[in-house]
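Sequences listed follow chains H and S, in order.
Counting in numbering that gives the first Met the number 0, the first sequence runs from 0 upward without gaps.
Counting in numbering that gives the first Met the number 0, the second sequence runs from 0 upward without gaps.
Read the structure below first, then the notes.
There are 2 protein chains.
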Amino acid sequence: MIRRNGEHPVEKRENMRGGNGTVEITALEKELLPAQCRLFSKIVLRPGCSIGVHEHTGEAEMFYFASGEGTVTDDGVKIAVKAGDSMTTPSGHTHGVENTGSEDLVIIAAIARD
Amino acid sequence: MIRRNGEHPVEKRENMRGGNGTVEITALEKELLPAQCRLFSKIVLRPGCSIGVHEHTGEAEMFYFASGEGTVTDDGVKIAVKAGDSMTTPSGHTHGVENTGSEDLVIIAAIARD
Chain H
0 MIRRNGEHPV
10 EKRENMRGGN
20 GTVEITALEK
30 ELLPAQCRLF
40 SKIVLRPGCS
50 IGVHEHTGEA
60 EMFYFASGEG
70 TVTDDGVKIA
80 VKAGDSMTTP
90 SGHTHGVENT
100 GSEDLVIIAA
110 IARD
Chain S
0 MIRRNGEHPV
10 EKRENMRGGN
20 GTVEITALEK
30 ELLPAQCRLF
40 SKIVLRPGCS
50 IGVHEHTGEA
60 EMFYFASGEG
70 TVTDDGVKIA
80 VKAGDSMTTP
90 SGHTHGVENT
100 GSEDLVIIAA
110 IARD
């Protein structure tokens, strides 16, 4: 099944997980996802925007930073990240992410059962 | 867990699934993946290179085309794709992909149980 650029559902979330500003999530519809996967999406954070720190339970999330730069909070530790880096957050761990750069921070994210 | 650009294992596969040329796969190590996920990777196909048609069983694969353009074979049907498009291949279905453009075709791929 092909979904063209522009055909994917786009959700704009304000203050996501207690973060700042708006997060734009371009996602595959649930019925297109593998049974053990609940998210495969492009996440765009404009400068200054963030997703607040939160925990994943029974699932793990993987981030691939496609462009831009930012600061993640990885189990309470702040770390600078940029394009080409990846981040994994297993079940029982916490993370958050903030765009601390001057361009959009673009993340490809997937969540699967863990 | 952060993996920096350049720290991920990179595998170069020749004639992958019967395809042409070399496919470069930059992947997360297995121990970093969710239990129900067996791949989260960046796949780079240089012009003319391809991954041959193959079936997924008991798992589904998701592609996000990050840059470039190419032609996929989706259950036997050839379809042109380009940056921003996505492709999903559920369990029991087949797919292949070829870089038919003049620049690298870059794909972010994930495979989870289905």
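We put the CB at the ideal spot given by N, CA and C, even for glycine.
Since the model is a prediction, treat every value here as computed from it, not as a measurement.
Applying the 10 Å Cβ sphere with the 16-neighbour rule, what's the burial state of residue i?
i	result
Asp-113/S	buried
Ala-59/H	buried
Lys-29/H	exposed
Lys-11/S	exposed
Lys-41/S	buried
Pro-33/S	buried
Ile-78/H	exposed
Glu-13/S	exposed
Helix, strand or coil, according to DSSP, for residue i in the structure here?
i	result
Gly-95/S	strand
Leu-104/S	strand
Met-61/H	strand
Arg-37/S	strand
Leu-31/S	helix
Arg-16/H	helix
Gly-47/S	coil
Arg-3/H	coil
Would you please state the rounded distance, in angstroms, between the beta carbons of residue i and residue j? I believe it to be under 8 Å.
i	j	result
His-55/H	Asp-74/H	At roughly 11 Å, the Cβ-Cβ gap does not stay under 8 Å, so His-55/H and Asp-74/H are not in contact.
Leu-132/H	Arg-3/H	Any answer about residue 132/H is impossible in this case: the structure gives chain H only from 0 up to 113.
Pro-46/S	Gly-100/S	6 Å
Phe-39/S	Ala-82/S	At roughly 19 Å, the Cβ-Cβ gap does not stay under 8 Å, so Phe-39/S and Ala-82/S are not in contact.
Asp-103/H	Ser-49/H	Not a contact, Cβ separation roughly 13 Å.
Identify the residues that DSSP records as bridge partners of residue i: which are they?
i	result
Val-9/S	Thr-25/S
- Task: Go through the stretch 67–94 of chain S residue by residue and report every complete run of the beta strand (DSSP E) that reaches 3 residues or more, in order.
- Result: Fully enclosed beta strand (DSSP E) runs of 3 or longer: 68–73, 76–81, 85–88.
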